[in-house]
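Read through the structure below, which is laid out as structure tokens, and then see the notes.
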Amino acid sequence: MEIFSQLIFNSIIAGAVYALIALGFNLIYGATKFLNLAHGVMTAIGGYTVFYFTKTLDWNIYLAVIIGILFAGLIGFSLDKFVYFPLRKRKASNMVLLVASFGAFTAIQAIIAILFNSRFQTLSQNTSAQKSFEIFGGVITQTQLIILASAALIMTGLVLLLHKTRFGKAIKAISDDEEVAKIVGINTNKIIGYVFFIGSAIAGFAGILVGFDTGIEPTMGLDLLFKGVIASIVGGIGNLYGGVLGAFLLGFVENFGIWKISGDWKDAIAFALLIVFLIFRPRGIMNK
Amino acid sequence: MIMKKEILLQLQNISVYYGGVKALDSVDISLDKGEIVALVGPNGAGKSTILKAIFGLAPIHSGKVLWHEKEIEPIPHEAAQRGIAFIPQGRRVFSHLTVEENLEIGGFILKDKHKLNRRIEEIMETFPILRQKKKAKSGTLSGGQQQMLALARGLMTDPKVLLFDEPSLGLAPKIAKEVFAKIKEINEKHKTAIMVVEHNIKFSLKITHRAYVLNKGEIVAKDTSQKLLKSDVLEKIFMGKLV
Ligand SMILES: Nc1ncnc2c1ncn2[C@@H]1O[C@H](COP(=O)(O)OP(=O)(O)O)[C@@H](O)[C@H]1O
Ligand SMILES: [Mg+2]
Chain W
0 MEIFSQLIFN SIIAGAVYAL IALGFNLIYG ATKFLNLAHG VMTAIGGYTV
50 FYFTKTLDWN IYLAVIIGIL FAGLIGFSLD KFVYFPLRKR KASNMVLLVA
100 SFGAFTAIQA IIAILFNSRF QTLSQNTSAQ KSFEIFGGVI TQTQLIILAS
150 AALIMTGLVL LLHKTRFGKA IKAISDDEEV AKIVGINTNK IIGYVFFIGS
200 AIAGFAGILV GFDTGIEPTM GLDLLFKGVI ASIVGGIGNL YGGVLGAFLL
250 GFVENFGIWK ISGDWKDAIA FALLIVFLIF RPRGIMNK
Chain D
0 MIMKKEILLQ LQNISVYYGG VKALDSVDIS LDKGEIVALV GPNGAGKSTI
50 LKAIFGLAPI HSGKVLWHEK EIEPIPHEAA QRGIAFIPQG RRVFSHLTVE
100 ENLEIGGFIL KDKHKLNRRI EEIMETFPIL RQKKKAKSGT LSGGQQQMLA
150 LARGLMTDPK VLLFDEPSLG LAPKIAKEVF AKIKEINEKH KTAIMVVEHN
200 IKFSLKITHR AYVLNKGEIV AKDTSQKLLK SDVLEKIFMG KLV
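Going down the list, the sequences are from chains W and D. For the first sequence, the positions run 0 to 287 when numbering that gives the first Met the number 0 is used. For the second sequence, the positions run 0 to 242 when numbering that gives the first Met the number 0 is used.
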């Protein structure tokens, strides 16, 4: 019973983090139709920005978190403006954009590794003093509760943004047919820039949460990227709700998969899930 | 036409290249207030490219686009602001969105929410079928309904100029006639100037005042629609006799 509750908590927390990454990834995919692999490294940008402002400069932690989120968003926005937009304008194929995004990923990750050391380190101030709660025999920390609450908040916020605002309508139109969106008067390049900002900022936030929960390292983006991409594909690429669903499914499969075996199998299990979907339902759960 | 000419839109010497291939060769075209003009010609003649060029969606190599006799730089999302609407070839409705959402997005540049809703109401008066289907995903509509939706979406901003690419393509003759009747109605009621690309020459020349005949990227004839109907120019081109 205790293990069971604990596994459920772990699954939900992992699912929430993956969901945050998948949300931004799918938002960007929906608008641009290419797999933005650089999305993963936004998590490290968020995490290391907070690390720098809190540990090196000793700034207020909340301020540092806000700066981390905005900085990740800004980097995502700049990647679009200076790399992807010029390529799109020259009618580069989605494969070229994918390769460019992987290049950006590698370059940014290398810069982070040069600026900081490659050691795994946590963002929490004093880990031992961290509050935790026992529910149904399982343990959940304060950080993890914050992860859940903020993930729920962000998902709700995005849904409202997409359904209730002109901006949301523009995104829907672009996702459906970018050229016609232009024709009806939408400045699609501007909107896509904002989409990159929002998606990357959310990924940065996910990285910060991971940093507080466990820790950060320069290569953290790759693992989180894979999980976000798997969640997106399993749920239905480009579909925001699908991505969230896929994220929680992945969280559960991963955590329950290692119930009786070593935790080292987690990634293998995640890829097994991906392969099962690629073979039997390549469009994912939500896409028709 | 007796009323004084007022030129809304002009293309001067427009050439377009796709890669090394010339799609338009020094094309001159104009559209006056209140008139309906047809662009006709065989497949690949460059008709769609003309409409795209006006919207900045084709790579213009040389030449000018004028709006109210002033040169403009064609930028896609700015054309709508000017009062030009474009319904591209192939019934491109936003297929994952509902009919109502399509109309809302058609009125994207109307910033006032009340004005937008009022306009949707007006449009649904003109297109009763869209009211019946307003909650339906537009991808599930029939071809004729989609074309009506594409037209309605284009009219959301109450444009001064409407560019319509192949209204009848892929539609049953009876449905195509309905679409053309709507086009004519819009022109007569609202004095909207319309440029229509149409492969069905009989249809297009019947409802238009003037027509340009294109072949291989060049304008090979232009005249009033009535005169063109009587002449043998069209026959020659479509039979491939005119090179
Ligand atoms: N995106 C494109 N890339 C390359 N060639 C194109 C493109 N669009 C059109 N063309 C070429 O330009 C010419 C004119 O095409 P188009 O304007 O679509 O003709 P029409 O509408 O009269 O059938 C054709 O030879 C066509 O193959
Ligand atoms: Mg065409």
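Cβ atoms here follow ideal geometry from the backbone N, Cα and C, with glycine treated the same way.
To the nearest whole angstrom, what separates the beta carbons of residue i and residue j, a pair I think is in contact under 8 Å?
i: G45/W; j: G250/W; result: Not really, about 20 Å apart at Cβ, beyond 8 Å.
i: A84/D; j: L161/D; result: 5 Å
i: G72/W; j: I278/W; result: 36 Å between Cβ atoms; not a contact.
i: F126/D; j: A151/D; result: 5 Å
i: P217/W; j: F115/W; result: 7 Å
i: L10/D; j: A52/D; result: 7 Å
i: S61/D; j: N12/D; result: 7 Å
i: L170/D; j: G153/D; result: Wrong, their Cβ atoms sit about 17 Å apart, outside the cutoff.
i: Y17/W; j: G227/W; result: 6 Å
i: L148/D; j: N101/D; result: 6 Å
Near residue i, which residues of its chain fall below 7 Å by C-beta distance, leaving aside the five closest residues on each side in sequence?
i: T207/D; result: I35, V36, A37, V195 and S224
i: I201/W; result: L19, L22, G23 and I153
i: G167/W; result: L160 and L161
i: Q145/D; result: R90, V92 and S137
i: M155/D; result: L102, G105, G106, R118 and I122
i: L244/W; result: G234, I284 and M285
For residue i, I'd like the list of residues in its chain whose CB is within less than 6 Å of its CB, leaving aside the five on either flank, ordered along the chain.
i: E217/D; result: D24
i: M123/D; result: L129 and R130
i: G55/D; result: P73, I74 and P75
i: V158/W; result: none
i: Y17/D; result: none
i: V219/D; result: V212
i: S149/W; result: none
i: V242/D; result: Low per-residue confidence applies at V242/D: pLDDT is 43, beneath 50, and the placement is therefore not dependable, though the value from the model is reported in the following sentence. Nothing listed; no residue qualifies.
i: S94/D; result: S137 and G138
i: L228/D; result: L204
i: F25/W; result: Inspection of the sequence shows that residue 25/W is occupied by Asn rather than by Phe. Around N25/W: S231, G237, L239 and G242.
In chain order, what residues of the same chain lie with their CB nearer than 8 Å to the CB of residue i, ignoring the 5 residues before and after it?
i: F70/W; result: I44, G45, T48 and G203
i: N286/W; result: G235, I236, G237, N238 and G241
i: V252/W; result: I268, A269 and L272
i: F50/W; result: F115, Q120, L122, G210 and I215
i: N42/D; result: H198
i: S117/W; result: E216, P217 and T218
i: S174/W; result: G29, A30 and G237
Check the DSSP bridge columns for residue i and list the partner residues they point to.
i: T223/D; result: R209/D
i: L65/D; result: Q9/D and E70/D
i: L23/D; result: V15/D
i: E133/W; result: V138/W
i: N59/W; result: For N59/W, which the question treats as bridged, DSSP gives no partner whatsoever.
i: I68/W; result: DSSP, once it has assigned bridges, lists no residue as partnering I68/W.
i: L162/D; result: F85/D and M194/D
i: V36/D; result: M194/D and R209/D
i: L247/D; result: There is no way to answer for residue 247/D, as the model of chain D reaches only from 0 to 242.
Run down chain W in chain order and give the residues with a C-beta less than 8 Å from the C-beta of residue i.
i: A79/D; result: I182, V183 and G184
Using a cut-off of 9 Å between C-beta atoms, extract the partners of residue i located in chain C.
i: K163/W; result: Considering every chain present, this structure includes no chain C. Its protein chains are W and D.
What residues of chain D sit near residue i, judged by a beta carbon separation below 8 Å?
i: K168/W; result: E100, E103, I104 and F107
Identify the contact partners of residue i in chain W, using a Cβ-Cβ distance below 7 Å as the criterion.
i: P75/D; result: K181 and I182
i: F54/D; result: I182
i: F163/D; result: Near F163/D there are no residues of chain W at all, since even the closest Cβ is about 12 Å away, more than 7 Å.
i: F85/D; result: I182
Residues of chain W with a CB under 9 Å from the CB of residue i: which are they?
i: F126/D; result: What F126/D touches in chain W: nothing, since even the nearest Cβ is about 17 Å away.
(message) Can you pull out the residues from the segment 88-99 of chain D whose beta carbon lies closer than 7 Å to at least one beta carbon of chain W?
(response) R91, F93, S94, H95 and L96
(request) Give the residues from the segment 170-200 of chain W that approach chain D closer than 8 Å (Cβ to any Cβ), ordered along the chain. (result) K171, A172, S174, D175, D176, E178, V179, A180, K181, I182, V183, G184, I185, N186 and T187
(message) Short of 7 Å Cβ to Cβ, which residues in the segment 185-204 of chain D face chain W?
(response) none
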